[in-house]
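Everything on this sheet refers to the single structure shown next.
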Ligand SMILES: [Zn+2]
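Numbering (the working numbering), first residue to last: 24 to 127.
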């Protein structure tokens, strides 16, 4: 199989060991360097997952601390986690009000 020329380091490399990127196929060494630099798309911290505030809120509100924990373990969206936190405390507040009312 013919070697490809890496656009990153301009060196010929085995395409089987390369990685596809936005600039095309790059060699394994350049791919490793991108991962180390944090420029690789998969390891990029620049992409923030928004998530669903309402979904997180519902999980925290109705699921209590279990729902909140599950959201923090499973959800990737920052809005989902924020919703779960606020939903959790709202659930506690509503629980206090209900308890106070029922004690009257
Ligand atoms: Zn390269």
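Yeah, the Cβ is synthetic: ideal placement off N, Cα and C, and Gly gets one too.
Secondary structure at residue 61: coil, using DSSP grouped into helix, strand and coil.
Under DSSP, residue 47 shares a beta bridge with 44. Boundaries cannot be given for residue 26, as no alpha helix (DSSP H) includes it and DSSP labels it neither H nor E. For residue 88, the uninterrupted alpha helix (DSSP H) segment begins and ends at 76-97. Annotation: the continuous alpha helix (DSSP H) that includes residue 107 extends over 101-125. Counting other Cβ atoms within 10 Å of its Cβ, residue 112 stays below 16 and is therefore classed as exposed. Taking the Cα positions, residue 81 is about 23 Å away from residue 123.
Between residue 110 and residue 79, the beta carbon gap of about 6 Å places them in contact (Cβ cut-off 8 Å). Non-local beta-carbon contacts of residue 35 in its own chain, meaning distances under 6 Å to residues more than five positions away in sequence, involve 26, 28 in chain order.
Ligand 1 has no heavy atom closer than 6 Å to the beta-carbon of residue 88. Partner residues in the beta bridge of residue 35, as assigned by DSSP, are 28.
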